[in-house]
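For reference, the structure discussed in these notes is given below.
Numbering (the numbering used here), first residue to last: 12 to 519.
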């Protein structure tokens with residue numbers, strides 16, 4: 012009998028450890044949703060603590076993945092470039108750590124609200140589902156998985172913003188967020204379809220290889236696909252001019268959700284932008300490099316100028332200032348990505364280092380605002396006057412977070428992160444962008460320092476019977492969230508190498 016060569020098997024094993032962090036988060040989300048059907052109202056808080064435990068366990072699952080790069084869902088056919096749909100490399104682990112840790116802090120901030128203001132079962136399911144999608148995003152290495160992860164992270168966020176039933180402002184904010192995100196998704200899908208039509212593949216590494224050899228009659232289609240894909244992710248990043256939804260969405264959302272969107276939502280957009288530019292579209296660096304540099308300049312300028320114009324006595328001015336500040340910070344985060352088009356992929360590390368700093372201090376700032384909002388529900392900046400006299404710990408923590416965002420000592424990590432981004436622009440020959448960034452840092456100093464100074468001024472005389480303290484009634488989980496972010500900020504300031512080493516290492 013003549014032996015015949017066995018056909019190659021299309022069945023492959025799944026690396027369950029590699030996909031464990033987002034998988035566990037999604038599994039806990041489903042478990043919470045089912046448990047909500049059977050738990051009595053008095054015991055709904057168990058859902059919150061289960062969610063916190065699930066996020067903590069997902070973070071622990073990142074530890075065994077530090078040993079080396081792992082990939083799964085790869086093409087079984089022989090290809091010149093290894094093409095996998097899921098890769099757990101250094102970039103993936105850092106972003107997953109950022110996303111899951113931010114979701115954990117958000118969960119701590121949310122425990123009190125889900126007890127008396129928000130429907131617990133729906134809230135925890137939506138938060139965990141969004142976190143699972145955000146954790147899947149950095150590991151996605153094909154355009155289809157990238158879009159799926161983007162939508163899994165975004166769709167639950169719409170509902171989270173509008174979850175305060177009967178609140179007109181919350182519903183309006185959710186609608187604005189929904190319409191802008193749907194537009195971004197439609198643009199992204201159109202761009203992805205054009206890229207697929209021009210290259211015949213969805214895997215990022217193969218797209219990068221084939222874009223350089225696109226036939227002449229498909230060149231325009233490929234260029235349009237690249238441009239539309241970038242525009243779609245610019246929406247998610249809240250880059251100007253695609254930022255209009257940010258302030259109203261943050262104000263209308265519950266404060267923990269606003270904190271979550273300011274960090275995790277931004278991380279999702281930036282991650283997608285990094286993957287499609289550096290991994291999939293390097294041959295079009297001459298197109299997306301200048302475009303992102305201009306977007307970075309516009310974003311940081313518009314964000315800082317708008318933050319500068321906030322009226323301290325206006326309702327929700329504290330949240331609006333942080334919202335516009337987050338737009339400005341997105342501009343800084345875009346600088347190293349633009350620089351990567353002119354020098355090397357190593358510049359991406361500066362964005363990751365800056366994102367780690369931003370996540371810690373921005374979550375901390377929102378946590379302190381949540382503390383003050385318990386006694387001053389409209390969260391005006393003027394409500395923070397004399398905070399040191401009422402609660403020294405909260406005032407010192409918020410002052411520390413604001414100084415980090417401004418890039419001033421004692422927030423050493425904030426200063427070093429800004430210097431790292433500035434150096435990335437200079438090294439790439441983008442001197443004009445470095446100058447614009449320097450001007451914007453000076454502009455931002457005014458509103459950050461103005462708010463910081465207000466914390467230590469003498470408090471205004473309160474009407475008789477109205478307490479000035481914010482200590483009483485602050486739930487322990489909220490206090491823990493403030494403490495965790497403050498400790499993380501101090502540790503990063505004392506040991507900035509933990510974050511800044513990513514600026515020097517190659518992440519791909």
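The C-beta atom is built at its ideal place from N, Cα and C for all residues, glycine as well. On a predicted model such as this, the values are computed, not experimentally measured, just so you know.
Only buried fits residue 276, as 16 or more other CB atoms lie within 10 angstroms of its CB.
Residue 99 carries a strand assignment under DSSP once its states are collapsed to helix, strand and coil. Spatial neighbours of residue 67 in its own chain (CB-CB distance under 8 Å, excluding positions within 5 residues in sequence) are listed in chain order as 115. Assignment of residue 80 by DSSP, reduced to helix, strand and coil, places it in the coil class. Between residue 354 and residue 263, the C-beta spacing is not below 8 Å. Comparing alpha-carbon positions, the option among 122, 365, 207 lying closest to residue 503 turns out to be 365. Under the three-state reduction of DSSP, residue 47 is assigned to coil, being neither helix nor strand. When rounded, the separation of the alpha-carbon atoms in residue 181 and residue 94 is 43 Å. Exclusion of the five residues before and after residue 143 leaves 33, 36, 37, 40, 163 as the residues of its chain whose Cβ lies within less than 7 Å of its Cβ. The C-alpha of residue 407 lies about 18 Å from the C-alpha of residue 370. At the C-beta level, residue 209 and residue 232 come within 8 Å of one another. Its Cα nearest to that of residue 151, the residue 82 stands out among 82, 140, 207. The count of Cβ pairs closer than 8 Å, one atom from the segment 316 to 325 and one from the segment 235 to 248, stays below three, leaving the stretches out of contact. For residue 359 and residue 400, the gap between their C-alpha atoms comes out near 43 Å. Non-local beta-carbon contacts of residue 379 in its own chain, meaning distances under 8 Å to residues more than five positions away in sequence, involve 405, 408, 409, 412, 493 in chain order. In this structure, the beta-carbon distance from residue 307 to residue 345 falls below 8 Å. Residue 151 sits in a strand when the DSSP states are folded into three classes.
Looking at 470, 265, 228, the one whose alpha-carbon comes closest to that of residue 123 is 265. Counting the other Cβ atoms within 10 Å of the Cβ of residue 377 gives 16 or more, which makes it buried. The continuous alpha helix (DSSP H) containing residue 339 extends over residues 328 to 351. Take residue 103, set aside five residues on each side of it, and the residues of its chain with a beta-carbon closer than 7 Å to its own are 149, 150, in chain order. If you look at residue 280, you'll find it in the alpha helix (DSSP H) that goes 277 to 285.
When beta bridges are read from the DSSP output, residue 254 appears opposite no residue. Only residues of its own chain outside the window of five on either side were considered, and among them 98, 99, 100, 101 have a CB closer than 8 Å to the CB of residue 80, listed in chain order.
If you draw a 10 Å sphere on the C-beta of residue 155, you find fewer than 16 other C-beta atoms in it, and that means exposed.
The alpha-carbon of residue 454 is positioned some 43 Å away from that of residue 61. Taking 8 Å as the cut-off, the beta carbon of residue 239 is found no closer than this to the beta carbon of residue 211. Burial state of residue 176 is exposed, judged by a 10 Å Cβ sphere holding fewer than 16 other Cβ atoms. For residue 447, the enclosing alpha helix (DSSP H) stretches over residues 442 to 466.
The alpha-carbon of residue 75 is positioned some 46 Å away from that of residue 396. A direct Cα-Cα distance of roughly 16 Å separates residue 288 from residue 342. Judged by beta-carbon spacing, residue 291 lies beyond the 8 Å limit of residue 350, meaning their Cβ atoms are not closer than that value. Residue 139 holds the alpha-carbon nearest to the alpha-carbon of residue 65 among 139, 161, 368, 133. In the DSSP assignment, residue 214 is bridged to 153.
Per DSSP, the unbroken alpha helix (DSSP H) holding residue 429 starts and ends at 423 to 438. Taking all protein chains in view, the Cβ of residue 457 is surrounded by fewer than 16 other Cβ atoms within 10 Å, so the residue is classified as exposed.
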